[in-house]
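First comes the structure, then the notes that go with it.
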Amino acid sequence: MDGSGSLTRSGLRGREAAIEKLQALIDSVARTGSGALALIQGEPGIGKTTLLAEAVTRAEAAGFSAGLGKADELHHIVPLSSLAACILHGDQPLVSGDALVDLARHHDQRIWLVERLAEAIEARAADAPVLIALDDVQWADPLSRFALKQLPALLRTSPVLWMLTGRPEPAEPASEVVAAATGNLPTVDVPLGPLSSEAIGQLADDEMGAAVDERIRDLLDGAGGNPFLAVEMLAGLRTAEASGELVPPGLVVGVRGRLKSLRPGTLRFLQMGAVLGRRFGFHDAAGLHGQPSDTLIAALEEAVRAGLLDDDGDHLVFRHDLLRQAVYVDIPPSARRALHRDAAHRLVSGGHQLLDAVPHILKGALPGDEEAVALLRRAADDVLPVTPGLAADLMTRALELLPSARPLRFAVGEKAIICLTRAGRNREALAIGDRLLADRPPLEEFSRLQAALGGALWNMDLAEELRRRAETALAIGGATPEVEAKLAALRALALSRDRDLVVAREAGESALRAATAVGDREAHILALSALGEIAQNAGENAVALERFTALSAVDPAFLPEEIVAHVHVDDFESGERLLLRAADNAGVTRQAMLLWAQGQYDLGLGRLDDAEADFLTMERLEDDVRVPVQQVNARVIRSRIALLRGDREAARQHLAAARERLAVKPNPGNTAAVRFLEAVHAEADGDVHLAVDKIRQVQRQGSFMRWRLLRDWIDSAIRMALRGADHELAEDLAAQAKAHAERNPAVPSATGIAAQALGLVQNDPAMLERSVTLLKASPRPLVRASAYADLGQALLAAGRKAQAVAALTHAGSTFAESGADAAAARVQRDLERAGAGGHRAAAIRRPVQGWEALTASEKRVARLVAEGHTNRSAADLLVVSPHTVNTHLTSVFRKLSVNSRVQLANLVRALPEG
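In this text, residue positions in the sequence shown follow the working numbering: the first is 527, and each later residue adds one.
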């Protein structure tokens, strides 16, 4: 095997099959230019680290840029520390230290951070294949785990090989990474079991040569096929023979035999190091030992000579975690706990990062330790922006340390609720809040807890409960002005879901005045959010735009809401300008919500392919961060897009997914949207009566036009009502469309749709002609096409064939240009019934495979990538998210049956000119 190195090294005996499997993967990534992932699993000491090092050596010999890092059990809190160890490895790190520091400054956006890491690794992979190897992934910090779940799939089209090692327990970190990669790129499992007796015998020969007799071979059976334990037992035998002592019995003969040969001071020094972790500082161990550093030099030298520690000049490292564990377990449990607590204090006072001390606090703090609670609160503040789940864990632990009688418990509980809500663990937040409220806190703490619970209640769609709690807290009194302003804003937000939006608006205005008076930013944001929601639900689009513009000025993270508000008033030019601004400031914008805004923009302009990609990418990002906000509405829209295209199977799948997600977020708007979609499907299946019944259910959820998602689809609902002979329902819907237009007289789509609705109900070609005239000023091609189709049918019924054919032809071509093939086909059938088949446009159904199967956006992405662009540079040119580029690229690879950028580039170069 080329570049294989010797397989006689300890730990590689008996691993020929595993080496061959990893070598094949290295060769495949180098040959195909596409990504892959390998997971090496086995018990401690089984040879994972040695095998991984061998794979890195072979990859480097094959021309790979390799990064090798190791996660550590006691250093798994610092965000990105595990992955940083990989990408900063060696003389030519995959990412420079300065670049990583710059990334860390923006780590409050996990998705943005992953994008930038992917960009840096992709750029390196353009020059040479890349190997990223992480040992002991089970100890990886939360942010590294998050990144590892995203990056392999994001980089699957580049020659990037991921190799991880992990133990069977805890299995979750490794299994999460593999599950995320499965189906996106090749994944290989490399399980390492016990070595055979023959391999252990060969290993013993390697270590001791001719000195290995049958007595030793019998003793090695106690290693259970574990190569590390076997080597340690052999080292113990050498120590025992040199000292003339009897060999201690049992599996620990090696490690404990060597420890017993150490001087007591050296063993104590090692115990201090074992408390600090596998990797520790000499001065830190001396401080924990309570001895001056110079008095421990002899102990350090003896530990290194005994092969227990390595000294890299900066840190001391136990040569294997099993060695550390052997030292650690001999410390009495009560002493271990006290030493961890002392270690936390010394690390913080010694200038270490607070997060370095947190693992020791978690292991050493006792109930009532308020200093530990304070440190956990500070640590939670540090990690909340980037790993809210970890912050939530730290705060729940802090709360556990406080007896119920401690007044501090309520403040800590408030912070725990906030962290849990940010982590999407809303039910836990509510449960903790209710337990604390049951302890009868003072009035000020009562109001603070209720305000803190507002986010969880809103996320859980418990608007009525949120209103009740806010009103109760306001009525009881005792809140500070800032908290009172927050409660008022939360009440207004809850009322945005109520039927009486006049009362809601008054509450919102009052809350905004209160927030402004006290100068509380959070209350100000909540009040503006509430007023924006209220205005949109009332159909007052200009007012909503004013509110959301003010909101994004206060907090740029709400720029997506402003973009959508511009789209609702048909101001797509401003929407595009803001999307460009968001692309330049992606690190401060909520990425999933920005994709929702991009999807609304593309959908409005009739770009069905792009809108589908936007909503698909948005859903994936919401899944990644576990914050499902728009998934119901996105699935409703994707189902309608599929129906417009004529893909009934995909449309049904999206409907089923929308129903599943509705169970998680059953608010009135989501319910109305799903019921409407069910009506559309019922009509498509020929069940008009069921369709009408579903529209009636929508009405019972509240005024149909109130729900912003459905306003542009009112014509479909009216046609269902008319086909079902429910003229009263049709008139009611048309009246809502008229009222909506009156509230939005400057919005061409609103006024045009209102005229279209009235023309349908009255079967009035003149009113439908007026609708078409009004909609000429609308930037929404699908809305215009629908109005032209209705006009054409009405003109046909009136016997005005020539005008009808012109209107229907215009409708069909507009539908076809947007990719709405099924809608275009329906119009074509109307033309054929009118005897105008010769007017048929040359509509060619897009194939499933091959270059012509690609959408226009996919072709643009494919050509850019073939030219050598990274996902980031292609995204910058196309003014979309790199995640959207990745979505397009995934589709490109599937349709073209290619697996790498190299293959794609070859295919594109072979295409005919033009």
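Glycine is no exception: its CB is placed at the ideal position from the N, C-alpha and C atoms.
Of the residues the options, the one placed nearest residue i, counting alpha carbons only
i: PHE1098; options: ARG1116, GLN1062, ASP1110, LEU1071; result: LEU1071
i: ALA587; options: VAL656, LEU538, THR558, ALA543; result: VAL656
i: GLY559; options: MET921, LEU881, PHE590; result: PHE590
i: LYS1220; options: ALA1263, LEU1235, VAL1069, LEU1255; result: LEU1255
i: ALA978; options: ALA999, SER1417, ARG966; result: ALA999
i: LEU521; options: HIS1336, ALA1348, LEU1430, SER1399; result: The chain is shown from 527 up to 1440; residue 521 falls before or after that span and cannot be answered.
i: GLU897; options: GLY877, LEU934, TRP1233, ARG789; result: LEU934
i: ILE823; options: MET1293, LEU927, ASN1159, LEU796; result: LEU796
i: GLU1378; options: PRO1438, ALA1330, ALA707, ARG1166; result: PRO1438
i: LEU1054; options: ARG994, SER1078, MET798, PRO685; result: SER1078
i: ALA1068; options: ILE1089, ASP1081, VAL757; result: ILE1089
i: CYS612; options: VAL604, ILE603, LEU594; result: LEU594
Alpha-carbon spacing of residue i relative to residue j, whole angstroms
i: ALA1303; j: THR1277; result: 10 Å
i: ARG539; j: THR576; result: 11 Å
i: ARG1237; j: GLU940; result: 40 Å
i: ASP515; j: ALA1014; result: Coverage of the chain is limited to positions 527 through 1440, which leaves residue 515 absent and any answer about it impossible.
i: LEU1415; j: LEU1129; result: 20 Å
i: VAL1418; j: ARG557; result: 20 Å
i: ARG1359; j: SER1339; result: 17 Å
i: ALA1137; j: ARG1017; result: 34 Å
i: LEU522; j: ALA610; result: One cannot answer for residue 522 here, as it falls past the ends of the chain, which runs 527 to 1440.
i: GLN676; j: ALA1351; result: 40 Å
i: VAL555; j: ALA829; result: 42 Å
i: PRO818; j: LEU600; result: 24 Å
i: GLU997; j: GLU991; result: 10 Å
i: LEU606; j: LEU690; result: 16 Å
Extent of the continuous alpha helix (DSSP H) to which residue i belongs
i: HIS844; result: A small correction: the amino acid at residue 844 is Phe; His does not occupy that position in the sequence shown. Looking at the DSSP string, PHE844 is not in any alpha helix (DSSP H); the run it does join, the beta strand (DSSP E), is 842 to 844.
i: GLY1318; result: 1307 to 1323
i: GLN879; result: It is not in any alpha helix (DSSP H) - GLN879 carries neither H nor E in the DSSP assignment.
i: LEU802; result: 790 to 802
DSSP three-state assignment for residue i, whether helix, strand or coil
i: VAL704; result: helix
i: PHE1419; result: helix
i: ARG1352; result: helix
i: PHE808; result: helix
i: VAL1523; result: Nothing about residue 1523 can be read from this structure; the chain reaches only from 527 to 1440.
i: LEU681; result: coil
i: VAL1374; result: coil
i: LEU565; result: strand
i: GLY1172; result: coil
i: ASP731; result: helix
i: LEU979; result: coil
i: SER1344; result: coil
i: LEU1038; result: helix
i: ASP837; result: strand
i: ASP1219; result: helix
i: LEU1390; result: helix
Close Cβ partners of residue i (< 8 Å) along its chain, the five nearest in sequence each way excluded
i: PRO1154; result: GLU1148, ARG1187, VAL1190, LYS1191
i: LEU1106; result: VAL1405
i: THR1396; result: GLU645, GLU648, ALA649, ALA652
i: ASP1356; result: ALA1315, GLY1318, GLN1319, LEU1322, LEU1334
i: VAL1151; result: ARG636, ILE637, GLY950, ALA1118
i: GLY1004; result: PRO968, LEU969, GLU970, PHE972, SER973
Span of the beta strand (DSSP E) around residue i
i: VAL686; result: 686 to 692
i: THR713; result: 713 to 717
i: LYS1302; result: Neither: LYS1302 is in no beta strand (DSSP E) and is coded neither H nor E.
i: VAL656; result: 656 to 661
Own chain, CB closer than 7 Å to residue i, minus 5 neighbours either side, in chain order
i: ALA1247; result: VAL1218, ILE1221, LEU1255, ALA1256, LEU1259
i: ALA1400; result: VAL1387, LEU1390, VAL1391, VAL1411
i: LEU578; result: ILE566, ALA659, ASP661, MET689, THR691
Proximity test, residue i beta-carbon vs the ligand SAH heavy atom, cut-off 6 Å
i: ALA864; result: What this structure holds is no ligand at all, so the ligand SAH is not there to describe.
6 Å CB neighbourhood of residue i in its chain, flanking five on each side removed
i: ALA768; result: Below a pLDDT of 50, predicted positions are generally treated as unreliable, and ALA768, at 44, falls in that range; the measurement from the model is reported next regardless. If we look at ALA768 and ignore the five residues flanking it on each side, it has no Cβ neighbours.
i: SER608; result: ALA597, ALA666, ASP667, SER670
i: ILE944; result: ALA978
i: ASN1196; result: VAL1158, LEU1188
i: ARG1201; result: LYS1220, GLN1223, VAL1224
i: GLY1132; result: PRO1307, LEU1308, SER1344
i: VAL1162; result: ALA1184, ALA1199, LEU1203
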